[in-house]
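A short write-up of the structure that comes next.
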Amino acid sequence: MKNAQQHERKSNIFHGISIFVDGYTEPPADELKKLMIEHGGVYHAYYSKDKVTYFISNNLPYAKIRKLKPNDKVVRSQWIIDCIKQNKLLPTHDYEMYKDITKSRGQTELNFKRIESMKSVTADFNVPNSDDEENNSFEQASSSETEEIQVENDDHLSALDAKHPKFLETFLKRSRLHYLSSTAVAKKVYVQDLRQKNEHHLSIEKQREELKTKLQRTERDYLFKLNDEKKDKIYMHIDMDCFFVSVATRNQPELRDQPIAITHSKGKKSTTSNENQFYSRSEISSCNYAARQYGVRNGMYLGINI
0 MKNAQQHERK SNIFHGISIF VDGYTEPPAD ELKKLMIEHG GVYHAYYSKD KVTYFISNNL
60 PYAKIRKLKP NDKVVRSQWI IDCIKQNKLL PTHDYEMYKD ITKSRGQTEL NFKRIESMKS
120 VTADFNVPNS DDEENNSFEQ ASSSETEEIQ VENDDHLSAL DAKHPKFLET FLKRSRLHYL
180 SSTAVAKKVY VQDLRQKNEH HLSIEKQREE LKTKLQRTER DYLFKLNDEK KDKIYMHIDM
240 DCFFVSVATR NQPELRDQPI AITHSKGKKS TTSNENQFYS RSEISSCNYA ARQYGVRNGM
300 YLGINI
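As structure tokens, then:
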């Protein structure tokens with residue numbers, strides 16, 4: 000109440016509206032709090048689904064996006080600014096973020112671009128379509144047709160129901176950990192083949208143990224030497240969050256002071272039919288310190304930072 004009294008009431012634009020601010024916003028949370036109080040709204044320092052009308056943020060980390068509920072509305076802070084400029088409460092539709100995520104949350108489907116063409120299926124298969132009032136249904140294919148579902152682009156698979164036999168395969172192939180796990184398996188098989196083909200397996204094992212013992216002894220002697228000389232401890236800090244950007248620009252010194260980010264995505268095309276730049280879900284995996292000064296962080300989506 001004390002904070003509310005410090006700000007002069009200018010209008011009742013946001014009467015009945017309460018907000019919770021999290022993540023990066025422009026203007027910052029303190030300024031948004033002041034604006035809400037001045038124009039009849041309520042600002043909550045802690046989130047409560049029963050009290051908060053809108054979740055205000057310009058960018059959320061992936062961990063928090065995953066926790067969004069189906070009815071949560073994440074609105075960009077520009078909505079508040081525009082409402083005040085026009086002196087009226089504007090619709091939030093054009094300012095909402097992650098709508099395609101919260102809309103499908105709780106549904107067992109992989110939210111990629113909607114299927115546009117299918118040649119055949121082995122049984123009735125309904126594809127949910129929010130633009131139509133009725134679901135599209137496909138009759139059972141004849142036995143002469145193939146049983147494989149055909150999609151318009153193999154590199155950009157459409158929305159597949161979790162019950163579909165190819166759902167898990169598609170999901171795993173598009174996982175950024177798929178390459179790491181498959182490479183590890185290939186290397187293990189390769190080493191195993193080498194061991195089976197080598198006639199001197201026992202001698203190699205013995206040499207490996209000797210090398211391991213030698214390395215351990217060398218490391219121990221080095222540590223003892225440091226302690227004996229009473230040298231100051233040296234700490235090496237490697238910032239892995241900007242490591243890849245540093246490597247990418249090592250031969251381009253003119254770019255080192257520019258905000259640079261490295262991203263990854265699941266395909267060559269956008270995974271959403273919405274052309275709004277804020278809907279790009281290519282995730283930032285590495286960014287330099289110049290980019291961080293603008294509020295960019297690893298794990299954020301690229302679209303909101305363009």
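Numbering follows numbering that gives the first Met the number 0, in which position 63 of the sequence shown is assigned residue number 62; successive positions increment by one, without gaps.
All C-beta atoms in this analysis are idealised placements derived from N, C-alpha and C, irrespective of residue type, glycine included.
Residue i vs residue j beta-carbon contact at 8 Å
i	j	result
Gly39	Arg65	no
Thr91	Asn57	no
Cys286	Ala247	no
Pro60	Arg296	yes
His263	Ser281	yes
Lys87	Ile12	yes
Ala28	Val20	yes
Alpha carbon of residue i to alpha carbon of residue j, nearest angstrom
i	j	result
Leu34	Ser47	20 Å
Ala289	Leu31	26 Å
Leu301	Met96	13 Å
Ile18	Phe54	6 Å
Ile36	Tyr94	21 Å
Gly22	Arg75	11 Å
Val190	Arg216	27 Å
Ile16	Thr52	6 Å
Val73	Glu253	38 Å
Lys187	Glu208	19 Å
Met235	Phe243	17 Å
Pro26	Asp49	25 Å
Ile79	Arg249	42 Å
Glu204	Asp238	37 Å
Asp71	Ile283	24 Å
Lys63	Ala185	35 Å
Arg255	Asp240	15 Å
Pro69	Asp81	26 Å
Bridge partner(s) assigned by DSSP for residue i
i	result
Glu96	Strictly speaking, residue 96 in this sequence is Met, with Glu absent from that position. Answer is Val73, bridged to Met96.
Glu208	Looking at the DSSP assignment, Glu208 forms no beta bridge with any residue, so it has no partner.
Ala260	Cys286
His321	This structure gives no information on residue 321, because the portion of the chain shown stretches from 0 to 305.
Val41	Ser17
Ile55	Val20 and Val74
Tyr300	Glu282
The ligand COA heavy atom lying under 7 Å from the CB of residue i
i	result
Val184	No copy of the ligand COA appears in this structure; indeed no ligand is present at all.
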